[in-house]
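Chains as they are written, first to last, in my numbering: chain S, 1 to 335; chain F, 336 to 670. To start, the structure itself, in structure tokens.
There are 2 protein chains.
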Amino acid sequence: MSKVTLSDVARASGVSVGTASRAMTGRGRVSADTVERVRTVAEGLGYEPNVIGRALRLGSSATIGMLVPHLENPFFADLIRAVESELHRQGYQLIIADSHGDVAVEARRLRLLLARRVDGVVIVPADVDGSIPAVRSTVEDVPLVQVDRRAGHDLADHVGVDNGLGMRLIARHLAGLGAGTALYIGGDDATAPGRERAAAFQRAAEGEGMTVVGTCRGRFDFETGVEGVRRSRLIPDAIVCGDDMIALGALGQLQRQGVRVPAQTMVTGFDGTVLATVVEPTVTTVQQPVADIARAAIEALRGRLERGTAGPVAQQEFPPSLRVGGTTDPLHRRD
Amino acid sequence: MSKVTLSDVARASGVSVGTASRAMTGRGRVSADTVERVRTVAEGLGYEPNVIGRALRLGSSATIGMLVPHLENPFFADLIRAVESELHRQGYQLIIADSHGDVAVEARRLRLLLARRVDGVVIVPADVDGSIPAVRSTVEDVPLVQVDRRAGHDLADHVGVDNGLGMRLIARHLAGLGAGTALYIGGDDATAPGRERAAAFQRAAEGEGMTVVGTCRGRFDFETGVEGVRRSRLIPDAIVCGDDMIALGALGQLQRQGVRVPAQTMVTGFDGTVLATVVEPTVTTVQQPVADIARAAIEALRGRLERGTAGPVAQQEFPPSLRVGGTTDPLHRRD
DNA sequence: TCCAGATGCGCAATCGATTGCGCATCGAGC
DNA sequence: GCTCGATGCGCAATCGATTGCGCATCTGGA
Chain S
1 MSKVTLSDVA RASGVSVGTA SRAMTGRGRV SADTVERVRT VAEGLGYEPN VIGRALRLGS
61 SATIGMLVPH LENPFFADLI RAVESELHRQ GYQLIIADSH GDVAVEARRL RLLLARRVDG
121 VVIVPADVDG SIPAVRSTVE DVPLVQVDRR AGHDLADHVG VDNGLGMRLI ARHLAGLGAG
181 TALYIGGDDA TAPGRERAAA FQRAAEGEGM TVVGTCRGRF DFETGVEGVR RSRLIPDAIV
241 CGDDMIALGA LGQLQRQGVR VPAQTMVTGF DGTVLATVVE PTVTTVQQPV ADIARAAIEA
301 LRGRLERGTA GPVAQQEFPP SLRVGGTTDP LHRRD
Chain F
336 MSKVTLSDVA RASGVSVGTA SRAMTGRGRV SADTVERVRT VAEGLGYEPN VIGRALRLGS
396 SATIGMLVPH LENPFFADLI RAVESELHRQ GYQLIIADSH GDVAVEARRL RLLLARRVDG
456 VVIVPADVDG SIPAVRSTVE DVPLVQVDRR AGHDLADHVG VDNGLGMRLI ARHLAGLGAG
516 TALYIGGDDA TAPGRERAAA FQRAAEGEGM TVVGTCRGRF DFETGVEGVR RSRLIPDAIV
576 CGDDMIALGA LGQLQRQGVR VPAQTMVTGF DGTVLATVVE PTVTTVQQPV ADIARAAIEA
636 LRGRLERGTA GPVAQQEFPP SLRVGGTTDP LHRRD
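Here it is, written out as structure tokens:
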């Protein structure tokens, strides 16, 4: 079936391989007659061009590699989905790999992607510092764009969300509901969003006259949320979390401890994943503009593909929006 | 960097390309001396073999393609992770693709994987009937193993979970807690697990003397769980769900309607994903032996890689286990 | 009728790695 | 000293598709 090669098509059409190639691609001088004949034969034989052969000759594979730290994080699944649909619109394919949040694995996967001659790389770096060498060496060879997270500072193009705005939206919302004290549970300094969101909420809270009564930082996962609540002596007016996974962990632990949400304390997440909608009460969160981010990332990649990998590093941040859920519902605020 | 080719290495080592190749692979007759010299030079130049060139020559790429219907379903993320780690242990790479549950997309993605000359395919077919043509034509060209879901019946190797046992575990557990009536909310007949689990629970419930007072079938997602609860007039002793996503939807809707779980009704899921642990109460579920399934799938694939794609179709089912959570906690059964 | 230019197509090189074949060299045995 | 076998390595073909070059044919204009 898929073992039909161009030379089979050529033989069956009575032309040379070169002519058959020209007929299929439409490039070069071939008669309209021949084009039609060859294409008909190709169709009849079920010919599918061998991507490997073409890639070897052209030095490009019409393929982009994408590397994320945790496939099981729904936010990254959303990102992948958005990037994939954007790429397919442009005739590219996507190879997905998972670094398991491990810098060494990440470096290995990057090398494998390069050996596979991907035309470009979309990466969510595992660690803001630890990923620097891998990103730096990759960016010399192939167009690369960082999404969401970032390694180093001006290492390579980056597309993300405006974390400052996101946290201001949260702080304003909470303050508007009368919150005066807040606990922050978020990602640690190993990732750029971890750093930025923590700092951004601190500033935003101050701007709104709220007091941050505690902070807990760890990985972006449920356990961090659970731990953050467990360690906290007092229950503040609001618990602001660095992402939705943490928020779910925190919410669950609060409920286990018999704390009513939003009556006794409010909870917020970040990312706007489906997770925030599957619990009761649903979680107020910051909706990331995933489609915009994906589109901008691909555009940056294509720009470098066409204009060369040199050129100044570009950083883009898209504005998120607030998605209000039951965890900050004023109607149940004090029942 | 990665533009170093074998001929560069050969030139720098003062040998021919052929000898350099033999030195790197270790196959063929080369002196230990030359091997060491060439490898040192290769290392120094940062040589990475070009997978494309090698794949073209060898007709194989040391790569397996994996196609799942919904990347955002944590169960499939678990499966991918398990398959990937098993493959890496054996020196293979994994290309992941998402069919979005669409049979047409699935067929296209399969063709692209074949054009990319993957050595084998691991697939979770989107539809038990609709996926038949795509699976049938793929299985002629390349080793293929179906995981979790299945297309047709004896079309290709399949590795999954013993749905019958899973549902018997659930039924026995619920009956042991005194449940006499149950509502079943699960996947529809578009997937094999959807069919099997529904039928299996029906049988298992009868076996335990329970009455199935209602059934709601749809896609494996949150909405189905929400709908199932919303449509149900009465609240039975237990609500048994076809997977964890449905269970979360059902649980959330119950809580919105003010029904206390497990006090007024119990809820169970299926798959044993992390989802079941992030809500309060945590969900009782059937833990799939994901690692066993992945290992068996790869073993089946390798078997066909070595012994040819012919041979009888093999079907394997692994026994799951019960993971008890708060949704069936007897201590809070009647408070 | 003849020539210039255009058109159609085959030939062969090319991408990078692998491998069968054959030549040259070396050592051992007689 | 000669032969035989083993060993080391280079040559060139090969995988499949693309493309520059050049030959042959055709067309139109003078």
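No residue lacks a Cβ here, since even glycine has one placed at the ideal position from N, Cα and C. What you are looking at is a predicted structure, and each value in this text was computed from that prediction instead of being measured.
- Per the coordinates, the alpha-carbon of E371/F lies some 14 Å from the alpha-carbon of L380/F.
- For a cut-off of 8 Å, the C-beta gap from A97/S to G65/S is around 7 Å, short enough to register as a contact.
- Annotation for G465/F: V438 place their beta carbon closer than 7 Å to its own, counting only its chain and skipping 5 residues before and after.
- Between the stretch 602-610 of chain F and the stretch 566-584 of chain F there are three or more C-beta pairs closer than 8 Å, enough to call the two in contact.
- Residue state for A238/S is assigned as strand, using DSSP reduced to three classes.
- Taking 9 Å as the CB threshold, N163/S stays off the interface with chain F.
- It is roughly 20 Å from the alpha-carbon of V83/S to the alpha-carbon of P193/S.
- Only those residues of the stretch 611-622 of chain F whose C-beta falls short of 7 Å from the nearest C-beta of chain S are listed: V613, V614 and E615.
- The beta carbon of V51/S falls within 9 Å of a beta carbon belonging to chain F, placing the residue at that interface.
- Taking the Cα positions, A12/S is about 23 Å away from L391/F.
- A distance below 9 Å separates the beta carbons of P404/F and E441/F.
- For the stretch 119-145 of chain S, the set of positions with a beta-carbon nearer than 7 Å to some beta-carbon of chain F reads S137, E140 and D141 in chain order.
- Taking a cut-off of 8 Å for Cβ pairs, the stretch 226-233 of chain S and the stretch 192-211 of chain S do not touch, as fewer than three such pairs fall below it.
- When the Cα atoms are used, V339/F and E383/F turn out to be separated by approximately 7 Å.
- In terms of Cβ geometry, G495/F and Q622/F do not form a close pair [threshold 9 Å].
- Taking 8 Å as the upper bound for CB-CB distance, A182/S and M210/S are in contact here, some 5 Å apart.
- Q425/F carries a coil assignment under DSSP once its states are collapsed to helix, strand and coil.
- Interface flag for I430/F against chain S is set, since a Cβ pair is found closer than 9 Å.
- The three-state reading of DSSP puts Q651/F in strand, counting E and B together.
- When A314/S, R29/S and V15/S are compared, the shortest CA-CA separation from V41/S is found for V15/S.
- Only exposed fits L331/S, as fewer than 16 other CB atoms lie within 10 angstroms of its CB.
- Any Cβ of chain F closer than 9 Å to the Cβ of V274/S would place that residue at the interface, and such an atom is present.
- Rounded to whole angstroms, the separation of the alpha carbons of L589/F and T328/S is 20 Å.
- At the C-beta level, R485/F and V463/F come within 9 Å of one another.
- Setting aside the 5 residues that flank it on each side, G661/F is surrounded in the same chain by P616 and T617, each with a C-beta closer than 6 Å to its C-beta; the list follows chain order.
- Straight-line spacing of the CA atoms in N50/S and R452/F works out to 8 Å.
- Of the other Cβ atoms in all chains shown, fewer than 16 fall within 10 Å of the Cβ of H488/F; this residue is therefore exposed.
- Counting only runs of 3 or more residues that sit fully inside the stretch 69-155 of chain S, the beta strand (DSSP E) segments are 93-98, 120-123 and 144-147, in chain order.
- For the 9 Å CB-CB criterion, V459/F and A635/F do not form a contact.
- Counting only the Cα atoms, R595/F lies some 30 Å from E72/S.
- Taken through DSSP and simplified to helix, strand or coil, Q622/F comes out as strand.
- In the displayed model, V279/S falls within coil according to three-state DSSP, outside both helix and strand.
- Between G587/F and V561/F a beta carbon distance of about 7 Å is seen, short of the 8 Å cut, so the two are scored as contacting.
- Between the C-alpha atoms of L509/F and P597/F there is a straight-line separation of about 11 Å.
- In this structure V482/F touches L414/F by the C-beta definition: roughly 6 Å separates them, less than 8 Å.
- By alpha-carbon distance to Y92/S, the top candidate from V122/S, L322/S, T63/S and R172/S is T63/S.
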